[in-house]
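One structure is given here, and the rest of the page talks about it.
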Amino acid sequence: MNTRAFTLIELMIAISLGMLIVYVAVAGFRVAAQSITVTNRLALENDLLRTGCLVANERLDFWTDFDDPENPAEQRLRGRDNDGGLPFTPMSQVFPLVRHSTDPEKTSGWDPQEKWKASDPRIWWHGNLAERWRSEMTLGRYSIFGNTQPPVLVKGVDIGQVQFAGGPAGIGTYGSVTVQREWQYRQIWGMYGALGYYGFTDYLPQNTLFACYSEFYQPPPPPFNPPYADAVRETNQDGMPLVLFKPGSAFDNGEGDQQYPKGLWRLTMASSYGVVSPTNANANQSDAHRARYTVGYWNDQNGMRNFLGQTQNRRDLTMAPSHWPISEVTTQHFIKSGRYVNLGRVKLHDPISGAITEVVFTSFATTLRGARLQRRHPRDGGGWADYDNRVGYAAPLTLDDTP
Amino acid sequence: MTARDQLRRGTVLIIVAGLSALLASMALVFLARQRSSQQETIWFEQDIQARIMLTAACSYIAECARIGYDTVPGPNHIEAYGWIDVRDGSVGPNTRGAQASVIVPLFDEMRLIERWGSGSADRPAWPAPKSVARCPMHVLERPPFAIRLNATPNAMASDEADPAFGRPYLMNPDPQPQGETHADYLSADRRVRQSSANRSWFRIYREGPATFIITCGAGGTQGFRDWDEVQGAGPAYMAEFGDVTFFNNMRSQETRFWYRVEWSPAIATADVHNIKNAWNQTNEDHYVSYPMNTSNSAINPRSQAQCRNLGGTFSFIQRLQKPPTWW
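In order, the protein sequences belong to chains A and B. At position 72 of the first sequence the residue is numbered 72 (the working numbering), and the sequence of numbers has no breaks. Positions in the second sequence are counted from 1; adding 403 to them yields the working numbering.
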């Protein structure tokens, strides 16, 4: 009798143990395989986050998602309309340089070589810092010291207005007054409409008082009937454009109810100016770039939503398989409380788990003026303007040059 | 041992070897993946590190415009008047003589004492035009005027048995110096913290009176442009790198960015908190105004206006696509 066989019970136990071992082995492999899958997935997400951050920083440095010098279809911020230009409009179209051969005060337009030396009286603001927007001019008529459009004809008749040649009235009878300073006020008023509010603050020195004297202008009685230019040109009695310093105007947030000319900190303490994303339908209209956004302590969700909607430039990172996390890179350029902010935002959305991961950071990067200097003037063929400092190198014209 | 037993052992060996190979290949793939991720993380870190150097370089330019020229050791520090002198528009930085209007240059662009390469001196010293400032950004063991990282040197006693329990006595100076003596506080322990060595640097070439080429780097070359410049700097620097091969290896693993910037003396405006901005109830004009450097005013209960930067600002910052000839 062969006694080497298993009994039924032994066989059942052996099979059970065998199945258990196989199950454990399979489960172990499954866990290992899943771990590798999860690790790969996390590695992929980390790769995308890293890549997204690098791409965002490159975009913040070269502004290619706002204006691509090599792709005319991505140059929506270069136009101009009757009210002014856009952030990447060539300066020759919005504030062309016209040099005066003998008197620098009479030069107008943007000069990229101008150093704005602090010792140069041309850049000193010769106005009345304490001049209210409803000034009675009890401290005098400062528009005769500096003005965008000299000479000023001051003739006093009735209602206290300073008028230019041919105009009707004004306090005090001075007659035609020769104005000593005009260059800086012309810079301020010219840059107001050149590149939008963000460009206005980016280009002028950081100690600029954003106010100037110009021709006295009284628009038609309210309600205003467009064109918008009438409202922009309205001045106080001394000829200072109200849009620059009247609390609550398009440019002035009215914070602190300051009735006087303001600098950058006050103008941006409770609000922001930003570059409108070219992905927005209105980005090619100049008035879209002359907006202030309420993002200070007055803001509500509508104000913040409008700010984000207008200024966030959201782009997909890359084309990828549908099961990959969807990545989005957002850049944003704005000024708040006197500080220029270049914001990067990288967002991942996992279509499988639904999880969202976001990295938000600021970057110290190329300014708007720096970005325009990177770009060759259309007259020279467009594209990138390669810079070099070797002796004899003829630098190409940039968007800031007037050919 | 029967042939059947040998067959069984061979089978077990094959199974074990197969499983081992499978596990080994999985581990190898995992390690390769980790190494790849780590390398990408290092590049990423270098990119960020180099960008931080732009902030450091701009801060350095702003500070060099006004402060930081200890030409004569002592408690008094030489004040400058901007890269373009705010007094007369001349090339700076200059300090003052007996009167504020007397221009005293703090540089000598005719005296060539540095080298672009291994030849004779052909470059003036910083801060002259066409000079270079090379700044490795390691951390010192103790910088001068270091403050101790103790935020609460006068913490209130929490032991009820302590006679000072619950009383906010200001018994200790706040903040406290890091050095043990006054001399320590004024001086520094200039040894390099090893964990911070060879990680990042910036380098500034003064291209024009107020325009600069900033090179931002993350890596171990300490801001030397090439091996020629190391040779020009002298044997001590050559010894640090050993030879050209080692230097070039470090160079090849380094991240470098180039920016062009223009300094401006403009800082802020004397409007808010300098002028009585909120007198708006009675329509009157007025002239109540205080200067930028006022320490207090009757206008507002603030001790300082919104003016915290005295070194200047930047008219533009421009990333360059490729390095210019001179940097």
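We put the beta carbon where it would ideally sit given N, CA and C, even for glycine. Quick caveat: nothing in here was measured; it's all calculated off a predicted structure.
Could you check what DSSP says for residue i in three-state terms: helix, strand or coil?
| i | result |
| --- | --- |
| Pro222(A) | Residue placement at Pro222(A) is poorly supported in this model, since its pLDDT is 49, which falls under 50; the coordinates still yield a value, given next. Three-state result, Pro222(A): coil. |
| Leu515(B) | strand |
| Val391(A) | coil |
| Val475(B) | coil |
| Lys262(A) | coil |
| Ser176(A) | strand |
| Pro704(B) | Residue placement at Pro704(B) is flagged as unreliable, the pLDDT there being 49, under the threshold of 50; a coordinate-derived value is accordingly withheld. |
| Ser462(B) | helix |
| Cys619(B) | strand |
| Tyr228(A) | For Tyr228(A), the predicted model reports a pLDDT of 47, less than 50, meaning its position is unreliable; a value from the coordinates is still stated below. It is helical. |
| Ala503(B) | coil |
| Gly256(A) | helix |
| Asn497(B) | strand |
| Gly626(B) | coil |
| Ala169(A) | Because Ala169(A) carries a pLDDT of 39, less than 50, the predicted location of this residue cannot be relied on, and the following value inherits that uncertainty. If DSSP states are grouped into helix, strand and coil, Ala169(A) belongs with coil. |
| Pro508(B) | strand |
| Ala408(A) | The structure shown does not extend to residue 408(A), since chain A is modelled only from 1 through 403, so no value can be given for it. |
| Gln721(B) | strand |
| Gly611(B) | coil |
| Trp124(A) | coil |
| Trp730(B) | coil |
| Phe361(A) | strand |
| Ile36(A) | helix |
| Val535(B) | strand |
According to DSSP, which residues form a beta bridge with residue i?
| i | result |
| --- | --- |
| Trp529(B) | Paired residues: none, contrary to the question. |
| Glu328(A) | Asp316(A), Lys347(A) |
| Lys336(A) | Ser272(A), Arg339(A) |
| Ser667(B) | Thr716(B) |
| Ser108(A) | Val98(A) |
| Ile356(A) | His349(A) |
| Ile481(B) | Tyr472(B) |
Shortest alpha-carbon distance to residue i belongs to which of the options?
| i | options | result |
| --- | --- | --- |
| Ala283(A) | Arg59(A), Asp65(A), Arg76(A) | Arg76(A) |
| Thr64(A) | Pro241(A), Phe88(A), Phe145(A) | Phe88(A) |
| Gln180(A) | Gly199(A), Pro121(A), Ala211(A), Leu204(A) | Pro121(A) |
| Val404(A) | Gly256(A), Leu49(A), Thr331(A) | Lying before the first or after the last residue shown, residue 404(A) is absent from chain A, which here runs from 1 to 403. |
| Gln634(B) | Trp519(B), Gln502(B), Thr614(B), Ala430(B) | Trp519(B) |
| Thr402(A) | Arg99(A), Ala211(A), Ala231(A) | Arg99(A) |
| Arg606(B) | Pro546(B), Cys461(B), Ala420(B) | Cys461(B) |
| Phe649(B) | Gly623(B), Ala673(B), Arg499(B) | Gly623(B) |
| Ala291(A) | Asp300(A), Gln310(A), Ser337(A), Gly127(A) | Gln310(A) |
| Asp511(B) | Ser523(B), Ala503(B), Lys533(B) | Lys533(B) |
| Pro325(A) | Asn313(A), Leu348(A), Met304(A), Gln259(A) | Leu348(A) |
| Gln374(A) | Arg722(B), Trp729(B), Pro727(B) | Arg722(B) |
| Val542(B) | Pro580(B), Gly569(B), Val535(B), Asp592(B) | Asp592(B) |
| Asp386(A) | His377(A), Pro396(A), Gly296(A) | Pro396(A) |
| Arg499(B) | Ala642(B), Met513(B), Arg469(B) | Arg469(B) |
| Asn147(A) | Leu139(A), Arg186(A), Ala250(A), Leu129(A) | Arg186(A) |
For residue i, go through chain A and note every residue whose CB falls closer than 9 Å to its CB, in chain order.
| i | result |
| --- | --- |
| Gly492(B) | Lys115, Lys117, Ala118, Ser119, Asp120 |
| Gln724(B) | Phe62, Gln374, Trp384, Asp386, Tyr387 |
| Val489(B) | Lys117, Ala118, Ser119 |
| Glu812(B) | With chain B represented from 404 up to 730, any question about residue 812(B) goes unanswered, as that position is not in the structure. |
For a contact meaning CB atoms closer than 7 Å, what does residue i contact in chain B?
| i | result |
| --- | --- |
| Ala32(A) | Met429 |
| Arg345(A) | Within chain B, no residue comes near Arg345(A); the closest Cβ sits about 16 Å away, beyond 7 Å. |
| Thr367(A) | Phe719, Ile720 |
Which residues in chain A sit within 7 Å of residue i, going by Cβ to Cβ distance?
| i | result |
| --- | --- |
| Val415(B) | Ordered by position in chain A, no residue passes the 7 Å Cβ test against Val415(B), which lies about 14 Å from the chain. |
| Ser534(B) | Chain A residues near Ser534(B): none, gap ~14 Å exceeds 7 Å. |
Can you pull the chain B residues whose beta carbon is under 8 Å from the beta carbon of residue i, in chain order?
| i | result |
| --- | --- |
| Gln206(A) | Ser667, Ala669, Ile670, Ala671, Thr716 |
| Arg390(A) | Pro727, Thr728, Trp729 |
| Asp47(A) | Ser440, Glu443 |
| Ile36(A) | Met429, Val432, Phe433 |
Give me the chain A residues within the contact set of residue i, using Cβ-Cβ distance strictly less than 8 Å, ordered along the chain.
| i | result |
| --- | --- |
| Phe447(B) | Arg50, Cys53, Leu54 |
Who are the neighbours of residue i on chain B, taking C-beta pairs under 9 Å?
| i | result |
| --- | --- |
| Phe364(A) | Arg454, Ile455, Leu457, Thr458, Cys461, Ile720 |
| Trp189(A) | Residues of chain B passing the Cβ test: none, with the nearest at roughly 17 Å. |
| Ala422(A) | Any question about residue 422(A) goes unanswered here, given that chain A covers just 1 to 403. |
| Arg181(A) | Those within 9 Å of Arg181(A) in chain B number zero; the least Cβ separation is about 17 Å. |
| Leu264(A) | Ala671, Thr672 |
The stretch 509-528 of chain B contacting the stretch 537-556 of chain B, beta-carbon criterion three pairs below 8 Å: no
Touch test, the stretch 430-446 of chain B against the stretch 592-601 of chain B, Cβ-Cβ under 8 Å, three pairs minimum: no
The stretch 356-370 of chain A in contact with the stretch 58-72 of chain A per 3-pair CB rule at 8 Å: yes
At least three beta-carbon pairs within less than 8 Å, the stretch 261-269 of chain A to the stretch 196-214 of chain A: yes
The stretch 232-248 of chain A in contact with the stretch 119-136 of chain A per 3-pair CB rule at 8 Å: yes
Sufficient close CB pairs (3 or more, under 8 Å) joining the stretch 103-122 of chain A to the stretch 176-194 of chain A: yes
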